[in-house]
Amino acid sequence: MTIRVLLADDQTLVRAAFAMLVESARDMEVVGQAATGREAVELARSVRADLVVMDIRMPDLDGIEATRLIAADEELAGVRVLVLTTYDTDEYIAEALRAGASGFLVKDTRPAELLDAIRTVAAGDALLSPGPTARLIARFLRSPSVPALAAGGPEGLSEREREVLTLVARGLNNTEVAGELGLSPLTAKTHVSRIMGKLGARDRAQLVIVAYESGLVTPGAFG
């Protein structure tokens, strides 16, 4: 199955470089390029992309608002958003996740990592790595200036579900969660789906938000 990718970035050379890379992958194709957030939203509706690689800082409409519009559009329910960040300077990542992004990518990432990130997010997983990335997310999610996510807390989860949620918040995928807990990958996937249903989360990224905001996972948990 070919992943239909929409690229949104206000820098022409960046878009061109990403387009060449994406087109080099046998399982992907670029179906559109946008220079502004508003154009990204319009193209997402017209080209029926599977995934949008979304820059945060763009003219007319920034990537966060564009992501929010895409996530709120019922006709675009299957479209995933992977946001771009400069990592050390951007303080918008928590807002982007709340807006509906399924993960984020550092702009100076290696080409192979970009392709893997696209595959990960397109498959329905959140691209949220452990270590510094997780601490960055935690820092902004726990900031009082960032509005709370409209989802339930983990109080209603079973002990096993809380264990699974903790591992998801650390950035582990279903196979890794299964390995940590001695489960089959299918059982781990079932737990994750059940947790999403209980918490009213649209994807794994929102599970991470709930885990941090509830204190189930803390910023110092990754050393």
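Using the numbering used here, the letters of the sequence shown correspond one by one to residues 41 to 263.
Glycine included, every Cβ here is placed at the ideal spot set by N, Cα and C.
| Asked | Found |
| --- | --- |
| 6 Å Cβ shell around L109 - same chain, five flanking residues per side excluded | V81 |
| Rounded distance between the beta-carbons of L122 and A141, thought under 8 Å | 7 Å |
| Contact between the segment 64-82 and the segment 41-49 (3+ Cβ pairs under 8 Å) | yes |
| Separation of E201 from G219, as counted between CA atoms | 15 Å |
| With 16 other Cβ atoms within 10 Å as the buried cut-off, status of D148 | exposed |
| Buried versus exposed, by CB contacts within 10 Å (16 or more), L76 | In the sequence on display, residue 76 carries Thr and not Leu. Buried: at least 16 other Cβ atoms inside 10 Å. |
| Backbone secondary structure at T149 - three-state DSSP | coil |
| Best match in R120, T227, A106 and L83 for proximity to R242 [C-alpha to C-alpha] | R120 |
| Inside the segment 43-73 only - alpha helix (DSSP H) runs reaching at least 4 residues | 52-64 |
| Cβ neighbours of I235 in the same chain (closer than 6 Å, five flanking residues each side left out) | E201 and L205 |
| Proximity below 8 Å, CB of R244 to CB of V232 | yes |
| Helix, strand or coil at V81 [DSSP, three-state] | helix |
| Helix, strand or coil at T125 [DSSP, three-state] | strand |
| Inter-residue spacing [alpha-carbon to alpha-carbon] between I158 and D113 | 21 Å |
| Residue from L124, A111 and D90 with nearest C-alpha to Q51 | L124 |
| Those residues which DSSP pairs with L91 across a bridge | V45 and R120 |
| Alpha-carbon spacing of P99 relative to A111, whole angstroms | 20 Å |
| As assigned by DSSP and simplified to three states, the class of G143 | strand |
| Secondary structure of T76, DSSP reduced to three states | coil |
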